[in-house]
Amino acid sequence: STTPVKVAVTGAAGQIGYSLLFRIASGALLGPDTPVELRLLEITPALKALEGVVMELDDCAFPTLAGVQIGDDATKVFDGVNLALLVGARPRGPGMERGDLLEANGGIFAPQGKALNEVAADDIKVTVTGNPANTNALIAMSNAPDIPTERFSALTRLDHNRAISQLAAKLGVPVTEIKKMTIWGNHSATQYPDLFHAEVSGKNAAETVGDQDWLAGTFIPTVAKRGAAIIEARGASSAASAASATIDHARTWVQGTPDGDWVSMAVRSDGSYGVQEGLISSFPVTVKDGQWSIVQGLEIDDFSRGKIDASVAELAEERDAVKGLGLI
Ligand code: NDP
């Protein structure tokens with residue numbers, strides 16, 4: 002097709018944006034034959050820096066980049082967009098309570114949800130990367146009553162990719178041998194990376210590892226605390242891998258999952274696996290023709306049940322907090 006796909010990115014002048022935009026523009030999201038028009042939203046003080054990033058995008062002379070628009074008005078920037086990658090968010094400052102964080106992000110994601118509702122294309126798909134991602138997605142979704150709820154999702158693909166990488170390293174196999182990884186719950190320290198349904202070269206991953214102490218005491222905390230470990234090592238947060246996972250997530254949503262595999266996406270729960278309906282929680286999903294479905298029928302043992310319930314309880318608390326603030 003020659004009509005460019007319009008892709009919105011918020012927080013476009015930030016760290017993740019600096020990795021993300023160049024990958025999208027080069028065709029990593031939609032392939033080498035689909036022209037892309039970038040719609041970049043920033044807060045007013047960051048527009049000058051964003052102009053500099055656009056100069057660099059120009060200088061790459063990407064064949065797939067059909068145009069770039071920037072601005073600080075969501076109803077203009079989101080006009081007609083097909084994909085929205087909501088990266089910009091308010092980070093937790095020193096001494097900031099969770100309620101303050103949720104309120105500050107409500108001030109970002111409620112108006113963005115309303116703007117998408119008003120002006121996005123009919124086929125809009127929204128991916129929230131900015132933290133607290135699940136609850137920010139819930140806020141945006143709740144403020145966009147005319148957009149089908151299944152078009153909102155939050156990123157747990159970075160956790161998913163981290164889990165694949167850790168397991169592959171443990172077993173000394175290429176990452177391509179690992180299928181059916183699942184992250185359940187919230188994109189937070191309570192997330193549950195599940196090896197009981199994952200496969201390594203077609204065999205059950207938990208059985209192949211055969212070491213529950215490693216699984217519970219090393220694997221799960223390493224995946225859940227990877228972001229902090231990267232900040233400690235690099236002196237800055239994991240922006241390039243977050244950008245890469247954002248691309249993976251949105252590309253899978255457009256292109257689908259291969260037979261015999263699934264991905265992790267945080268999507269609106271329909272009550273599957275006892276996750277309270279209406280929460281944006283991470284599940285194993287397959288995608289076909291641009292539509293995700295939660296993988297059904299997996300057996301959940303007591304260990305997994307406890308981990309999933311703990312993360313979902315945190316999501317319910319966040320939901321109650323933003324409800325109390327009148328944001329949803
Ligand atoms: P980053 O680009 O590094 O991160 C952006 C968001 O992604 C943060 O909420 C961050 O959460 C989150 N994130 C999710 N996964 C990861 C991960 N694995 N590693 C790191 N971050 C992750 O932040 P910057 O401060 O560099 O840039 C943010 C930009 O957003 C700024 O330019 C700011 O002006 C802009 N902004 C734009 C808004 C808008 O367009 N209306 C609104 C608010 C901000 P966490 O904080 O937990 O690390």
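Under UniProt numbering, the first residue of the sequence shown is numbered 2, with each subsequent residue one higher. Just so it is clear, CB atoms sit at the ideal spot from N, CA and C, and this is done for glycine as well. Predicted model, so just to flag it, every value in this text is computed and none were measured.
- The DSSP-derived three-state label of Gly107 is helix.
- A contact between stretches requires three or more CB pairs, one per stretch, nearer than 8 Å, and the stretch 225-244 meets this requirement with the stretch 186-202.
- For Met97, the three-state secondary structure derived from DSSP is coil.
- In the displayed model, Phe63 falls within coil according to three-state DSSP, outside both helix and strand.
- The Cβ-Cβ distance between Val82 and Gly131 does not fall below 7 Å.
- Two segments are said to touch when three or more pairs of C-beta atoms, one from each, lie closer than 8 Å; by this definition the stretch 240-249 touches the stretch 23-30.
- Going by DSSP, Ser305 is part of no beta strand (DSSP E) but of the alpha helix (DSSP H) stretching over 303-325.
- Buried is the label assigned to Glu319, since at least 16 other Cβ atoms lie within 10 Å of its Cβ.
- Sixteen is the threshold: since fewer than 16 other Cβ atoms of the shown chains lie within 10 Å of the Cβ of Gln297, the residue is exposed.
- The beta carbon of Ser294 sits closer than 7 Å to the beta carbons of Val286, Thr287 from its chain, once the five residues preceding and following it are set aside; these are given in chain order.
- DSSP, reduced to helix, strand and coil, places Gly218 within a helical segment of the structure shown.
- Per DSSP, the beta-bridge partners of Lys289 are Gln292.
- Excluding residues up to 5 positions away in sequence, nothing lies with its Cβ nearer than 8 Å to the Cβ of Asp60 in the same chain.
- In summary, Val201 is buried, with 16 or more beta-carbon neighbours lying within 10 Å of its beta-carbon over all protein chains present.
- In chain order, Leu102 place their CB closer than 7 Å to the CB of Arg93, counting only its own chain and leaving out the 5 sequence neighbours on each side.
- Annotation for Leu159 indicates a beta carbon within 6 Å of some heavy atom of the ligand NDP.
- It is roughly 31 Å from the alpha-carbon of Arg158 to the alpha-carbon of Lys49.
- As summarised for the stretch 162-212, the continuous beta strand (DSSP E) elements at least 3 residues long and confined to that stretch are 183-185, 193-195, given in chain order.
- In the three-state reduction of the DSSP assignment, Ile248 falls in the helix class.
- Taken from the Cβ of Pro112, every heavy atom of the ligand NDP lies 6 Å or farther away.
- The beta strand (DSSP E) runs of length 3 or more contained entirely in the stretch 4-84 are, from start to end of the chain, 6-11, 37-42, 66-72.
- In the assembly as shown, Pro259 is an exposed residue. Its beta-carbon has fewer than 16 other beta-carbons within 10 Å.
- In this structure, Val37 keeps its C-beta atom at 7 Å or more from the C-beta atom of Leu84.
- Note: Thr128 is bridge-paired with Leu86, Ser154 in the DSSP secondary-structure output.
- Measuring C-alpha to C-alpha distances from Thr136 to each of Glu119, Ala111, Asp123, Asn118 identifies Ala111 as the nearest.
- The C-alpha of Leu30 lies about 31 Å from the C-alpha of Ile329.
- Residue Lys115 holds the alpha-carbon nearest to the alpha-carbon of Thr76 among Lys115, Pro149, Glu300, Phe63.
- Cβ atoms of Asp73 and Thr45 come within 8 Å of each other, at about 5 Å.
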